[in-house]
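Here's the structure we're looking at; comments come further down.
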Amino acid sequence: ETGVTQTPRHLVMGMTNKKSLKCEQHLGHNAMYWYKQSAKKPLELMFVYSLEERVENNSVPSRFSPECPNSSHLFLHLHTLQPEDSALYLCASSQDREAGDREQYFGPGTRLTVT
Amino acid sequence: DQQVKQNSPSLSVQEGRISILNCDYTNSMFDYFLWYKKYPAEGPTFLISISSIKDKNEDGRFTVFLNKSAKHLSLHIVPSQPGDSAVYFCAASAPGGGADGLTFGKGTHLIIQP
Numbered sequence: 345e346t347g348v349t350q351t352p353r354h355l356v357m358g359m360t361n362k363k364s365l366k367c368e369q370h371l372g373h374n375a376m377y378w379y380k381q382s383a384k385k386p387l388e389l390m391f392v393y394s395l396e397e398r399v400e401n402n403s404v405p406s407r408f409s410p411e412c413p414n415s416s417h418l419f420l421h422l423h424t425l426q427p428e429d430s431a432l433y434l435c436a437s438s439q440d441r442e443a444g445d446r447e448q449y450f451g452p453g454t455r456l457t458v459t
Numbered sequence: 332d333q334q335v336k337q338n339s340p341s342l343s344v345q346e347g348r349i350s351i352l353n354c355d356y357t358n359s360m361f362d363y364f365l366w367y368k369k370y371p372a373e374g375p376t377f378l379i380s381i382s383s384i385k386d387k388n389e390d391g392r393f394t395v396f397l398n399k400s401a402k403h404l405s406l407h408i409v410p411s412q413p414g415d416s417a418v419y420f421c422a423a424s425a426p427g428g429g430a431d432g433l434t435f436g437k438g439t440h441l442i443i444q445p
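In order, the protein sequences belong to chains G and C. Under my numbering, the first sequence is numbered contiguously, ending at residue 459. Under my numbering, the second sequence is numbered contiguously, ending at residue 445.
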């Protein structure tokens, strides 16, 4: 596997369910991100991890809980979601804070539908 | 309040001609700008970037121009090819490096007509 992978690609869950999204990067990067893309809205940054430490939390509701056990893996734990949380969830990675280039590399996303 | 704006939701260009995608920003702290391309059912793919110390960066058929005084950047694709049909996102970053996240525009859907 190369690049950034995400599983599952599609997820349908009820409002009382608990599920997790998984992201893995094979690029040797030190920073990882969760973004949310809702219909007709720009990508919104949710969480940033740098060297496995959370450095940014953009006022995301507590029903979204990230976890970064190591620099290659990132999870987004979901519980008691609302229908308006239905969106495309994208994971990305980048080299590190000090790198001159700030390109982020994205996974294919998980299409989440909350019923 | 959107800090990165792409005011054209869609753009149709004939194959072989030049495609020009525009992006405006409001945050003076942004000093690094990127363009991403996205096909349906895939994540955004990095295309080209530019630092605020430059006003132009070129990579093959893709050129990005930055006008800092106008807080405007544009992506030129020439010649346009059918495979260029996709949604293009403009993104910006403030000092602090990549681990501070990117601010994205809403995207422009580019359609290349044969």
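Ideal Cβ positions, reconstructed from N, Cα and C, are used throughout, including at glycine.
Task: Residue range of the beta strand (DSSP E) that includes Leu355 (chain G) - done: His354 to Met357 is the span of the beta strand (DSSP E), which, as asked, contains Leu355 (chain G).
Open item on the list: Need the endpoints of the beta strand (DSSP E) that Tyr379 (chain G) sits in, please.
Closed with: Ala375 to Gln381 is the span of the beta strand (DSSP E), which, as asked, contains Tyr379 (chain G).
Task: Close Cβ partners of Gln444 (chain C) (< 8 Å) along its chain, the five nearest in sequence each way excluded - done: Here the set comprises Ser343, Val344, Gln345 and Glu346.
- [ ] Express the C-alpha separation of His370 (chain G) and Glu447 (chain G) in angstroms, rounding to a whole number.
- [x] Looking at the two C-alpha atoms, the distance is approximately 15 Å.
Task: Ordered list of alpha helix (DSSP H) runs contained in the stretch 385 to 422 of chain C, each at least 4 residues - done: Positions of the alpha helix (DSSP H) runs, each at least 4 residues long and wholly inside the stretch 385 to 422 of chain C, cannot be given because no such run exists.
TODO: Check the Cβ-Cβ distances between Leu365 (chain C) and every residue of chain G, and say whether any is below 8 Å.
DONE: Look at Leu365 (chain C): its C-beta is under 8 Å from a C-beta on chain G.
Open item on the list: Assuming Thr296 (chain G) is part of the beta strand (DSSP E), what are its boundary residues?
Closed with: As shown, chain G starts at 345 and ends at 459. That puts residue 296 (chain G) outside it, with no answer to give.
Open item on the list: Within 10 Å of its beta-carbon, does His373 (chain G) have 16 or more other beta-carbons around it, so buried, or fewer, so exposed?
Closed with: Label assigned to His373 (chain G): buried.
TODO: Please name the residue in C:Tyr367, C:Ala401 and C:Ala372 whose C-alpha comes closest to that of Ser380 (chain C).
DONE: The shortest C-alpha separation from Ser380 (chain C) is found at C:Tyr367.
- [ ] Evaluate Pro410 (chain G) with the Cβ neighbour count: other Cβ atoms within 10 Å of its Cβ, from every protein chain shown; 16 or more gives buried, anything less gives exposed.
- [x] So Pro410 (chain G) ends up on the buried side.
- [ ] Look at the alpha carbon of Ser405 (chain C) and the alpha carbon of Leu352 (chain C), and state the distance between them as a whole number of angstroms.
- [x] The alpha-carbon atoms of Ser405 (chain C) and Leu352 (chain C) are separated by roughly 5 Å.
Open item on the list: Looking at the strands, I want to know which residues DSSP matches up with Arg431 (chain G).
Closed with: Correcting the residue type first, residue 431 (chain G) is Ala in the shown sequence and not Arg. For Ala431 (chain G), which the question treats as bridged, DSSP gives the partners G:Leu456.
TODO: Rounded to whole angstroms, what's the CA-CA distance from Ile338 (chain C) to Thr439 (chain C)? Just pull it up for me.
DONE: Sequence check: residue 338 (chain C) is Asn here, not Ile. Distance between the alpha carbons of Asn338 (chain C) and Thr439 (chain C) is about 8 Å.
TODO: Pull up the distance between the alpha-carbon of Val395 (chain C) and that of Ser406 (chain G), whole angstroms please.
DONE: Approximately 39 Å, taken between the alpha carbons.
Task: CA nearest to the CA of Val348 (chain G), picked from C:Gly374, C:Pro340 and C:Tyr370 - done: The candidate whose alpha carbon is nearest that of Val348 (chain G) is C:Gly374.
Task: Cβ contact (3+ pairs, closer than 8 Å) linking the stretch 353 to 361 of chain C and the stretch 414 to 424 of chain C - done: Short answer: they touch.
- [ ] With Leu441 (chain C) as the anchor, note down where its beta strand (DSSP E) starts and where it stops.
- [x] For Leu441 (chain C), the enclosing beta strand (DSSP E) has its first and last residue at Thr439 to Gln444.
Open item on the list: What residue range does the beta strand (DSSP E) around Ser403 (chain G) cover?
Closed with: First-last for Ser403 (chain G): undefined, no H or E at that position.
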